[in-house]
Amino acid sequence: MTSLTFLSINLPIVALLPFFGAIFAAWASKINRLASAWVAAFVTILALAFLAPSIAMVFAGETLIQSWTWIPAIGLEFAFRLDGLALLFALLILVIGLLVIIYARYYLSKKDSMGRFFAYLLMFMGSMLGIVLSENLIQMVVFWELTSLTSFLLISYWQYRKDARAGARMALVITGAGGLALLAGVLLLGHVVGSYNLTDVLAAGELIRGHNLYLPILVLVLLGVFTKSAQFPFHFWLPHAMAAPTPVSAYLHSATMVKAGIFLLARFFPVLSGTPEWTWLVGGAGLITLLIGAYTALFQHDIKGLLAYSTISHLGLITLLFGFGTQLAAVAAIFHIINHATFKASLFMVAGIIDHETGTRDMRRINGLLKYMPHTAILAMIAAAAMAGVPLLNGFLSKEMFFEQALTASNSSVWAWAVPILVIVAAVFSVAYSLRFIHDVFFNGEPVDLPKTPHEPPRFMKIPVDLLVIICLAVGIIPMFTVAPILAVAVAGTLQTTPPEYSLAIWHGFNLPLLMSFVALVLGVLVYVMRKRLFAWHESGVAHWDARIIFNAVLGGLDAVAKSITRSFDKGSLQNASVWVIATALLAGFIGFTSVSAPLFGDRELMPVDGVSVLAVAILMIASVLTLALHRKRLISLVMLGVVGLIISLMFVKFSAPDLALTQLSVEIVTVILLLLALYFLPQTTPKETCDLRVSRDIVIAVLSGVGVTLLAMAVLTRDFAPISEFFLLNSVPGGGGTNVVNVILVDFRGTDTLGEIAVLALAGLGIFAMLQGMKLHAPDRDTGGRLWNSDLHPEIMQTLTRLLLPLMLMIAIYIFLRGHNLPGGGFIAGLIAAVALIVQYLSNGIAWTNDRLKFDMHWVIGFGLLIATATGLVAMGLGYPFMTTAFTYLNWPVVGKFEVASAIAFDLGVFLVVVGATVMSLVELGKLSNESHQAPVKPTTQPTTQRKLEQEAN
Amino acid sequence: MFEWILSALIVIGAFFTLVGSIGLYKLPDFFMRLHGPTKATTLGVGALLIASALYFSFKTDDISLHEVLITVFLFITAPVSAHLMAKAAIHIKLKQVDRTQNKMK
Amino acid sequence: MLETALLIGFTLVSIALLLSFLRLIKGPDVPDRILALDTLYINSIALLVLLGLYFQSALYFEAALLIAVMGFVGTIGLSKYLLRGDIME
Amino acid sequence: MEWLISLAIGVLTATGVYLTLRARTFPVVLGLTLLAYAVNIFLFAMGRLTVGLPAVIDKTATAAQYSDPLPQALVLTAIVIAFGMTAFLIVLALKARGELGNDHVDGLDTESDNYSNKEVK
Amino acid sequence: MKPFLNKVLPHPILTLVLWGVWLLLNNTIGAGHIVLGLILAIFIPWLTSGFWPEKVRIQSPLTLLKFLGVVLWDILVANMAVAKLILGRNKDLNPGFFYIDLDIETPLGISLLANTISLTPGTVSCDLTEDRKRLLVHALHIEDIPATIKEIKARYEAPLKKVFVAC
Amino acid sequence: MSHLVAWPVFLPLITGFLLILAHMGGIRLQRVISFLAVIGLVLLSAALISATSTDQYQVYLLGNWTAPFGIVLVLDRLSALMVAITSLLAVGALWYAMSTDTDKKGAHFHILFQMQLFGLNGAFLTGDVFNLFVFFEVLLLASYGLLLHGSGRLRTKAGLHYVVINLIGSTLFLFAVGALYGVLGTLNIADMAAKIAVAPQEDLGVIAAAGLLLLVVFGVKAAMFPLYLWMPSAYANTSAPVAALFAIMTKVGIYSIIRVHGTIFGSEAGELAYYYAPWVLGLGLITLLLAAFGVVASRGLREQVAYLVLASVATLLIGVGLMSPAALSATLYYLIHSTLIAGAMFLLADVILRGRGTYEDRFESGPSMPSAILIGSIFMFAAIAMTGMPPLSGFFGKVLILSAALDDAWFATIISVILVAGLITILSMARTGSLIFYKVLPDDSVPTSERGEPLNRMAFIAVIGLLLASPILVVFAQPITAFTESAANQVFNSATYIEAVLSTPAVTEVTN
Ligand code: NA
Ligand code: NA
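Chains A, B, C, D, E and F supply the protein sequences, listed in that same order.
The first sequence lines up with residues 0 to 954 when you count with numbering that gives the first Met the number 0.
The second sequence lines up with residues 0 to 104 when you count with numbering that gives the first Met the number 0.
The third sequence lines up with residues 0 to 88 when you count with numbering that gives the first Met the number 0.
The fourth sequence lines up with residues 0 to 120 when you count with numbering that gives the first Met the number 0.
The fifth sequence lines up with residues 0 to 166 when you count with numbering that gives the first Met the number 0.
The sixth sequence lines up with residues 0 to 511 when you count with numbering that gives the first Met the number 0.
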């Protein structure tokens, strides 16, 4: 029972275990440098152990699926699948992974962080396992991209090296981009099939191939495959990834990372193959890659470079096999996957040993290592021979199959003759570079100027290589007893059907493939012998064709384009930003209106015009135009603005909005005072603009805005409407207890607006206060005419008479406040009047004098205002009504008579206090600014300071 | 009779208001212009306010004297405004017509 | 009778408004403009009083009162600016 | 009358927009103030124009005859908010003048560069 | 009692004035407003007492009333005169500046004098010297400066000086 | 009478004025009050979310006036979600501000912070267009103050631009609301939707124009092309906790489009149903491309993060523009992710800036910073989340949106743009990480005076805390997407919203 339960969740455990292991590995390095390696090895073995119980089921022909719901909205399940193909890859990943771990434990030097290395490696392993074990395609893409990320970390492991950083980034960009394409492909696939689960997708091959999205799907998936598996034209990242520590290369470029793409080809083989598009795209890419890789490998001086291009070439080979599209070709492909993984892993390890022992990887310096490290040399030679396709080694077998497929599978094509020939050419180079690897490293005289004297590596560093080479031999000699079973299930898993007949014998008699092998071997040796001339030819031209140049050019181009677009749009210019907003608004209004067929104007009866109104509006318009026209003379422009404000108040009066008129009047003056306070510190004139184009552009936008707004206003005003306002008019008295409907709306019907509004005002005051802390500005000591300021700080007559006005204005404020509920007025206006009353005192008596007499900290006034306003609302909540519910009643007191008590008045009091507090705070803080700024600059000392003396006496 | 008084006050008030503005408009220098608004206009508005007070006192049940407030207010403030404007004008040495006696420089 | 008087009143005050505004435009100096603005305020009070009479409504009184107050504050602010630059010190 | 008011709104908007697009802080403040005026009248006019009947209830008029009080309440709110905003902006303009050394809205008459400049803190 | 009263009613005249203002504002003499107005008229002066550094005493209320009458009358007359001047030809006008040496010393007195000058015949007070001893006046049309000064001093300054006494 | 809906709005307001009254009481008192309030908000949001477990709307009649006459607060899953995100973000930002003493760098930080929350929560809960305007102004003014908090040359300039652009935006808002009122005669969102459904054909032109004008307004807030120019430098130059909190600001615009346009011009709007959506989609696509370019062109980490935020906003706009429940659900999922991670990212950028001494966040080789491996690992984690790489939430959010896009006619363009932009940002972030953490100057080449300060571990908790959202979103994707799905369905069912808002009765009699 327990085993059964376990068996139904072991696949996610296998895939996720390495990730948890990674945490332990990183942590373990703190205890002991080598502990990470042991953790990593243990985790890998544990994963194998978790996988082991399922192996028998797969061999029995079952496909294991374990799934949980995750995001049902998009059919994303947390789902794992184990079939033959997945099993093959899982075993490759884990077994070769284990060997690499053992190898790396000896490879890494003291200064390398073990914890980081093994953590990254385990995460990478987990990602790979995730890809091959995923049942859900989106989940597979997740792991797919994780391999890109973790390989980035692994390749850039020696982060201080420029080539490591560049190589890692290139790998990330190319494979990451492919991953995104794959994602798109998978999404389309899921869209077509209606499910992201492999089981469903694999069963829908017919549907997919017949769908008009087939080609996009194919291309997108292949982009994923080709980038990951370093197929032309994306192959160039792989050699640059060789900056990674060699164990990483051994792992990534033999059995894992690059095989992920191949895995995907195999996975989708039953779904996507069998069409001309498939053949051309997959076969074409494979063939070109095969050739380019094989050719280029020969000319590498870096051992790992040679192996990298060889890898590219072999991946091309496998791709080409899949491209043939036949079942037998797929068998060959899978077989070669296994073989390549073994010999290439061992070769990379050998390269690592050499690097480790000699301190270099340059084959021009490394020579004659046979006598320094004979054991290693023998291993290397066997593995290289396998790579070259020498009989009795695994590489020979799959290569034979490959030749056979090359001959048969392309029969149908017009280019039938071309494929076998090109394949032989590639094989020739393959032999040549393998030969070069052996000859140039282990023979070819004495080493040149090596940093270290080489000798055999530690015992355990060779054991992984030993094992891999033994596999090469075992498979090569007795395939039926070694590789056959796993190959069979893998093929079955790939084809999702009974595999075709194929033979794994080493001897098929004298046939064309054998001949081809022979020709390749002979010509290969020949090419190697003639290498000098070939090298010269290569160095003179082809060597400089590096796709990296294109890659860098593309990135550089992207950089340049991005910068120029960003800088030309986001110029850091306010004018630019404002123009965009306003122009967009204009366009939006226009598009909105024209998107519906409706007349611009309605047919509501309009109001007749009278002379006074015409005159007033004319003054308004002229004043506003003059505000603009005279804007460079700032003070005069400000005076014009004053006229505009005045006329607007008059308009409000005329059109039955006394409350608005009162507010407008007060706000207008406070604004003017504010602007005057500010203008003191600003230039008195605006310089003339130099850019006529901008001016005319702005004029156009301004005029269009004006016209647009006029039309919009008319469009509405010529229509009838049925507003909700009747409710307010009817309920103001019975429901709100006030006859001034505007005020009742403000403090009752829409009291929350008002609460927000006083919050804004409070914030403005506090924000201004905060902004002005510590601010110092240059205070001019003379005006624009060059005159010193008048020495009379507070003209006597103004002082005396405005003091007289204070109680009067406060009285008016209270009057306006109290009547607000029933007649024009209210907290706002009263607050503004009271604030103006205080401001006048500041104006005529100065800040110090007034502050001495006004003991309130305006913070308190604002705070209490908000408190009172909110508390009024909260009281209602206490009584079981919603926030802001008001109540009123009529009291009848002796003498005083009948009067109304409304909670809205309390609310209005809060409003009043906030308005006073915020307004006074803003202005006075601003006023103080000048006093602080005055201290340094010259005061008009040339004139008598009687006034100030008198001032002091008065205090 | 009441209507007559009212009408007269309205016309007189409006007239003096206008006179103030005419002064403002046509007089040749700032200091001379200053006289129009401070006096004529104040009186004009005063007359109109009295008209208003009368009207609302007699047309409605209540008496209406609050217009007096505006008048008083103007009588206090208009000279202060004028004083300050004149002070400013002297400070920035505005030109005066040549025939001005004791010209300020 | 009253109608006619009001009509005349409106006309005269309108002309006054216009003249004040013309002075405001002409200047020539800042004090002239301040004075013109101040006069505009006072003219507006006249206009409001007439409007109150015309509509027989007492609701215009506060606006007139406030114009008187605010006009004064604006004028002393502007004048003080000319005198001292720093209006609050 | 509607045309007259609409035109007034339009002129205020046009002048406001033009000034808002200027390069110095002070005209921008003026421009935004004019724009605020424009939108306030606009919003107010959206309740349609009524002469001589403020929404102060007495027994002489029916609901339909009063001016629409709702836009008036909205405009009142809008005026006060615009005032708060303007006040803040004015002080910000001063701050900018102090910290950037001039009153250009972008702080410099030439392009400024966020990162190339090392002494910027 | 007296100090207490001084505290509560720092400016009894002001209280009276404000009480009146309240009733004027409200356009009523209803009982409620009389009470409320009184409360406010006491409260506000108390609140703002700090703004009245120097106490003012009105010594001779009768003189004040008489003075107010004179001023009101002069305002009327002045306006007629000024209207005539304004509507006449600009060329006929003879503007001029002159200083008035002040005898009055209280700030309120000086201020009221300046105000009165501005409200009455063809004169506007333009500036007060910093020692508060001389008042600069501009006249729209003036022929005899010394006579005008004399008249102003007699007609306005004297009563004001009598009424407002510093204490 | 349950007041639950009102508390998220009034708790920060009350805290705000308590802080004003307590402003003399020293920073410690303010911190305690402020932080407790934010924790309170988190608890409240949990209550709000659980209160939306049924499909019921909770309509709260402020002032006890029924809609459309009074102002209503409306709680549905969408608004509950927004409030919850805001609270979580606020905890992180506030924690960071306190740990780094950013709140001491100027006056009134906590007051502004709470008032910002007041505005935000109000905007998310209100059911009234004009009230939305008011809350916009509250949150804007608070944000102005916060943005400028601590001051500095670039900050002031960015602040000036931000303020002016938003003032223009506010003006447009009023024009739009005014025109809508002028035709429809109402301000309540539900009532507007109801009135549009029966509006005569000849009025539709004005309504459509006003609707798009309103879209521009929300577009400014959301930083939609071509209206986002205020945004990168504002976010890049303000203090870190403020930038972090601002991660929600752009979402206010997104939310408003979903709420206001989605309801008013929703399925009931006849000819105007969803007429705005193609514009949102198209402009979202352009924004995304430009944002990706901006990420490449950035000159420093904070600017880059700002452009990343822009990219995430663009992705959200695309999701909104797709106008299907599936797409909206995806958008909401992505919104949770992008807001919290962007917040973390701004904080992280500040951690890095402090660690690099005088080199700050500029893209040039600097000294290796203290605790580089820890910060670097977290940076990688955050970058993966932010750029939408697997296995973190950014990826799943994008996949959800892409998957929803498959049903759209423009799917090829949408998928290409999203993926290409994603690739560009990945590329850039790889370069950034590589530059900052790998390509460091040798230790002896940087004088001590130019080196960074040691990692503030307390502050770092905020970064990690916010970043935890990403794995949580992945692991609990099922319940979370179930929630966003039902939220999206609720939004699309505007008829129910209208019905719920307009039929909620006032409290007539209180039974205790
Ligand atoms: Na060699
Ligand atoms: Na000052």
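Cβ atoms here follow ideal geometry from the backbone N, Cα and C, with glycine treated the same way.
Asked: Residue-level contact to chain A via CB, arginine 129 (chain E), 9 Å cutoff; Found: Contrary to the premise, residue 129 (chain E) reads as glutamate rather than arginine in this sequence. Output row for glutamate 129 (chain E): interface = yes.
Asked: Beta-carbon gap between alanine 597 (chain A) and leucine 203 (chain F) smaller than 9 Å; Found: yes
Asked: Three-pair Cβ contact test at 8 Å for the region 769-777 of chain A versus the region 859-874 of chain A; Found: no
Asked: Close-in-space but distant-in-sequence residues of the same chain around alanine 79 (chain F) (CB under 6 Å, 5 per side omitted); Found: Leu47, Ile48, Thr51
Asked: CB contact check: isoleucine 62 (chain B) to chain E, cutoff 9 Å; Found: yes
Asked: Any chain E beta carbon closer than 9 Å to isoleucine 89 (chain B); Found: yes
Asked: Min CB distance glutamate 445 (chain A) to chain F below 9 Å; Found: no
Asked: Within-9 Å CB hit, methionine 0 (chain D) to chain F; Found: no
Asked: N-terminal and C-terminal residue of the alpha helix (DSSP H) that histidine 339 (chain A) is part of; Found: 326-357
Asked: Cβ of threonine 245 (chain A) within 9 Å of any chain D Cβ; Found: no
Asked: Beta-bridge pairing of serine 133 (chain A) - partner residues as DSSP gives them; Found: A:Phe79
Asked: C-beta neighbour in chain C for phenylalanine 29 (chain B), strict 9 Å; Found: yes
Asked: Contact with chain E by leucine 853 (chain A), beta-carbon distance below 9 Å; Found: yes
Asked: Contacts around valine 294 (chain F), its chain only, beta-carbon distance under 7 Å, and the 5 residues preceding and following it disregarded; Found: Gln303, Tyr306, Leu307, Ala310, Ile423, Thr424, Ser427
Asked: Cβ-Cβ separation, arginine 98 (chain B) to leucine 134 (chain C) (assumed contact under 8 Å), whole Å; Found: Summary: the structure shown does not reach residue 134 (chain C), with chain C confined to residues 0 through 88, and so no result is reported for it.
Asked: Chain-order list of residues whose beta-carbon lies under 6 Å from that of glycine 252 (chain F) (same chain, five-residue window excluded); Found: Phe217, Lys220, Ala221
Asked: Boundaries of the beta strand (DSSP E) in which arginine 133 (chain E) is found, first to last residue; Found: 133-138
Asked: Proximity of leucine 172 (chain E) and phenylalanine 74 (chain B) at Cβ, strictly below 9 Å; Found: Any answer about residue 172 (chain E) is impossible in this case: the structure gives chain E only from 0 up to 166.
Asked: Closest Cα partner of lysine 303 (chain A) within the set A:Met241, A:Ile291, A:Ser731, A:Tyr250; Found: A:Met241
Asked: Counted within 10 angstroms of its Cβ, other Cβ atoms place proline 373 (chain A) as buried (16 or more) or exposed; Found: exposed
Asked: At least three beta-carbon pairs within less than 8 Å, the region 562-578 of chain A to the region 274-293 of chain F; Found: yes
Asked: Any chain A beta carbon closer than 9 Å to leucine 99 (chain D); Found: no
Asked: Euclidean distance between Cα positions of methionine 127 (chain A) and alanine 243 (chain A); Found: 18 Å
Asked: Proximal residues of chain G, C-beta to C-beta of isoleucine 66 (chain C) below 8 Å; Found: The chain labelled as chain G is not found among the protein chains of the depicted structure, namely A, B, C, D, E and F.
Asked: Element boundaries [alpha helix (DSSP H), containing leucine 805 (chain A)]; Found: 795-818
Asked: Pairwise C-alpha distance: isoleucine 647 (chain A) and serine 6 (chain B); Found: 29 Å
Asked: N- and C-terminal bounds of the beta strand (DSSP E) containing asparagine 89 (chain E); Found: No beta strand (DSSP E) contains asparagine 89 (chain E), which DSSP labels as neither H nor E.
Asked: Of the listed residues A:Gly872, A:Leu396, A:Leu369, A:Leu421, nearest to glycine 444 (chain A) (C-alpha basis); Found: A:Leu369
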